[in-house]
Amino acid sequence: MQNLIVLLIALPLFSAALLLLAGRKVDKWGHLFATLISLSTFVIGSMEFFAMKSRANGERVITQNLFEWINVGSFHVTAALLLDQLSICFVLLITGVGSLIHIYSISYMEHDHDRRRFFAYLNLFIAAMLLLVLGNSYLNLYVGWEGVGLASYLLIGFWNQKPAYATAAKKAFVANRVGDVGLSLAIMIAFTQFGGVSYDQVKAGVPNASSIALVGLGAMLLLAATGKSAQFPLQSWLGDAMAGPTPVSALIHAATMVTAGVYLIVRSNFVFDASSTARLLVVIIGAITLLFGALIGTAKDDIKKALAASTMSQIGYMILAAGLGPVGYAFAIMHLLTHGFFKAGMFLGAGSVMHGMNDEVNMRKYGGLAKFMPITAVTFGLGYLAILGVPPFAGFYSKDKIIETAFNTGGTEGWIIGSAALLGAAITAFYMTRVVVLTFSGAKRWSDEAHPHESPILMWLPMAILAVGSVVSGFLFTKGNALVNWLQPVVNSENHVHEGEVLKPLVVSSLALGVVIIGVLFAVLKYRSVPSVAPENVSIFTKAARKDLYQDSFNEAVFMRPGQSLTKSLVKTDDNVIDGAVRGVGWIALTTATALKKLQNGYVRTYALNMVVGVVALIATIWVVTL
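For the sequence shown, position 293 matches number 378 in the working numbering, and the numbering has no gaps at all.
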């Protein structure tokens, strides 16, 4: 079965290369070929899962060495793939959701002139994402990490003929590069401290490492995660990334790419388990981001940007859970998987609404669409109930476990992070209800030019499948502690129940459901009737949320403008000092040459005199030196 592991990466990579290199010759069938390849990877992933499930615990991990990559001095890196209980979860998520999005895109991108290129980029992304989760070392992961960054840049800026879309792609690219610096430094720290960069080498060296080294390594890994997963303070790119086609938003910004940071932290669990300081940093970043994203979502009228803010917030929950140590790793992955179902489904639902509304994204110009798009409304609604955490939907099992774990951390820290998670649930209920009410209920607010209608079967069928996952996945993951037990060999989650619970599960669930009901009722009452144009006379808090809590303004004031000033100063220094010195040498040479040129007057007697003077000078010099 080892040969099949490399096919997971090779097949979509081959497909992407073929579609890009063959050009217009494959326009008629390129999208079908790409979809078939994606489905094939899902089949292979499923085969590997069932094969792994049939083996004993100690025999489930498979490592496939491909070739010796780097052999320089004491630095040895093998290009190898690692398939274990954690990576197989991501393989199934990436290929499963990816295949559904391929099917959806066949109809969604039907009239796009560059549909073939779009599908090539999708397969390139899937190949890179699979390499990221299957690499057996941080350096192998890094290759996939950068590949994902490239593919996301190409997909976000797919319609780059529009300047705003090209700018959004560049913004995402730059923000991710900042985080990538963290991963680069983490790899350097790992090599200097442990003599290698494979997960096994780092894990073996952690017990003997200094606390400073572990904090530094953990902080750099966290920095990498904040960039890729759009966490504070590198979260500003996510909203703008909605410029890409809606299937891109579902694949990259809901189900896969933004979860890469969570994967990195959970995969590096041995680092964070050994450093309480690094783990605390993870918790703080997660708590800030889950509230940050939720507050932004309360004021967004663009349906995709509202869902993007929701994604930022939900990833914050996952990061928070991962920072709680062995007790939280499995719950972080559980929420990641359930989120992949309901959020991808809602993004595709948003695309379905846009498809029926002439690409209109302003929810204030919707209203009452459930009557015209019943399937979209139902599938979106099931995802909505899942993200709210209403029992028995998927989010109830995963998010409530995170809130429960946060409270049971104990002490003041537990009450603070638990309360933050609970507050996030209330705000989530408010802004998601706002999205549903503005879109599917109430009076018609669209123009007469719009003719809302249900999407074709190739669009609503993936939405329906994801909706089923939004309903049943949480129950399946928690039945008999299935996911916790499955991940235990990787994340050491056997101690997933705290001694002496601060709050019982029933109490946490009741509190969570209570705040959700409050959030829902508040949104329903507030948005029963809304104008088609957003009011300008609003509170300072609403203005701040509309401007993403001034994150772009902060970045501009603190980083961009000082950076521009520094660059201008360096340019002037380069021009006046460095280039000035070079120009000065040139001036001296020209001046000297001009003066010497005057000696060339054409008279032989002058040349003879110069020779005599030179000889005398030479003799005098020799005489002085030899005295």
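We treat Cβ as the ideally placed atom computed from N, Cα and C, and that holds for glycine.
If you're wondering where the values come from, they're calculated on a predicted model, not measured in any experiment.
Extent of the continuous beta strand (DSSP E) to which residue i belongs
i	result
valine 157	147-157
Residue i, enclosing alpha helix (DSSP H) - first and last residue
i	result
threonine 374	361-382
leucine 166	Where leucine 166 is concerned, there is no enclosing alpha helix (DSSP H), although the beta strand (DSSP E) it sits in stretches over 160-168.
glycine 413	411-441
histidine 116	115-139
aspartate 633	Per DSSP, aspartate 633 belongs to no alpha helix (DSSP H) and is neither H nor E.
tryptophan 244	It is not in any alpha helix (DSSP H) - tryptophan 244 carries neither H nor E in the DSSP assignment.
leucine 655	646-658
glutamine 573	567-576
serine 555	542-563
threonine 711	689-711
tryptophan 672	664-682
lysine 456	Element bounds for lysine 456: n/a, residue is neither H nor E.
alanine 310	296-313
alanine 510	496-525
isoleucine 350	345-352
glutamate 489	479-492
glycine 474	Careful: glycine 474 lies outside any alpha helix (DSSP H) and carries neither H nor E.
lysine 112	Residue identity differs from the one stated: residue 112 is aspartate in this sequence, not lysine. First-last for aspartate 112: undefined, no H or E at that position.
Integer Cβ distance of residue i from residue j, believed to fall under 8 Å
i	j	result
isoleucine 188	methionine 137	The Cβ separation is near 26 Å, so there is no contact.
alanine 326	isoleucine 418	24 Å between Cβ atoms; not a contact.
phenylalanine 426	serine 334	Wrong, their Cβ atoms sit about 15 Å apart, outside the cutoff.
serine 283	asparagine 221	6 Å
alanine 298	glutamine 278	5 Å
histidine 420	alanine 435	The pair is not a contact, with the Cβ atoms about 21 Å apart (cut-off 8 Å).
leucine 167	leucine 219	6 Å
isoleucine 350	valine 368	With a Cβ gap of about 11 Å, isoleucine 350 and valine 368 do not count as contacting.
asparagine 225	alanine 165	7 Å
phenylalanine 175	tyrosine 402	Actually they are not in contact, since the Cβ atoms of phenylalanine 175 and tyrosine 402 sit about 18 Å apart, beyond 8 Å.
alanine 236	phenylalanine 258	Not a contact, Cβ separation roughly 11 Å.
threonine 180	threonine 126	4 Å
tyrosine 330	isoleucine 186	In the sequence under discussion, the amino acid at residue 330 is proline, which differs from the tyrosine named in the question. No, proline 330 and isoleucine 186 are not in contact; Cβ-Cβ is about 10 Å, not under 8 Å.
arginine 352	leucine 572	Arginine 352 to leucine 572, Cβ: 11 Å. No contact.
leucine 507	leucine 596	6 Å
aspartate 169	arginine 202	In fact, because the Cβ distance is near 35 Å, the residues do not count as touching under 8 Å.
Residues near residue i in its chain [Cβ-Cβ closer than 6 Å; skip 5 each side]
i	result
alanine 205	Ala101, Leu104, Leu105
leucine 302	Ala271, Ile274, Val356
asparagine 447	Asp386
histidine 583	Bear in mind that a pLDDT of 49 at histidine 583, under 50, signals an unreliable position, so the number given afterwards is only what the model happens to contain. Closer than 6 Å at the Cβ level, and outside the excluded window around histidine 583, lie Asn493.
alanine 429	Val182, Ala335, Ala339, Ala340, Leu551
glutamine 399	His424
threonine 627	Ala384
phenylalanine 465	Met431, Gly434
Spatial neighbours of residue i in its chain, beta-carbon cut-off 8 Å, leaving aside the 5 residues before and after
i	result
leucine 89	Ile129, Met132, Glu133
methionine 696	none
valine 605	Leu473, Ala514, Phe515, Thr518
proline 292	Ala359
glutamate 534	Asn443
tyrosine 635	Ala629
Residues bridged to residue i [DSSP beta-bridge criterion]
i	result
aspartate 387	Asn447
serine 222	Ser283
Same chain, Cβ closer than 7 Å to residue i, neighbours up to 5 away in sequence not counted
i	result
isoleucine 370	Leu307, Thr311, Gln316, Phe317, Ile404
leucine 598	none
alanine 528	Gly452, Gly453
phenylalanine 481	Gly474, Val475, Gly559
glycine 503	Ile488, Ala491, Phe492
alanine 251	Gly242, Asn245
valine 593	Asp485, Ile488, Glu489, Phe492
Residue-chain proximity (residue i, chain B), Cβ-Cβ < 8 Å
i	result
aspartate 659	Although the question refers to chain B, the structure presented lacks it and comprises just one protein chain.
If you pair each beta-carbon of the region 248-266 with each one of the region 311-325, do three or more pairs fall below 8 Å? Counting C-beta pairs with one atom in each stretch, the region 248-266 and the region 311-325 have three or more that are closer than 8 Å, which means they touch.
Does the contact criterion of 3 or more C-beta pairs under 8 Å hold for the region 586-595 versus the region 349-362? Between the region 586-595 and the region 349-362, the count of C-beta pairs closer than 8 Å stays below three; the two stretches do not touch.
Would the region 548-563 count as touching the region 191-199 if we require 3 or more Cβ pairs under 8 Å? Taking a contact to require three or more Cβ pairs closer than 8 Å, the region 548-563 and the region 191-199 do not qualify as touching.
Is it a yes or a no for the region 394-410 touching the region 454-463, going by three-plus beta-carbon pairs under 8 Å? The region 394-410 is not in contact with the region 454-463.
Stretch pair the region 591-605 + the region 505-514: three plus CB contacts closer than 8 Å: Flag = yes, the region 591-605 and the region 505-514 touch.
Any 3 or more C-beta pairs closer than 8 Å across the region 227-242 and the region 205-214: Yes: at least three Cβ pairs fall under 8 Å.
Does the structure place the region 369-376 close enough to the region 314-323 that three or more beta carbon pairs sit under 8 Å? Counting Cβ pairs under 8 Å, three or more are found: they touch.
Answer yes if the region 434-443 comes into contact with the region 487-498, meaning at least three C-beta pairs across the two stretches below 8 Å, and no otherwise. Under the Cβ criterion (8 Å, minimum of three pairs), the region 487-498 does not count as touching the region 434-443.
Between the region 633-651 and the region 542-551, are three or more C-beta pairs nearer than 8 Å? Result no; under three Cβ-Cβ pairs closer than 8 Å.
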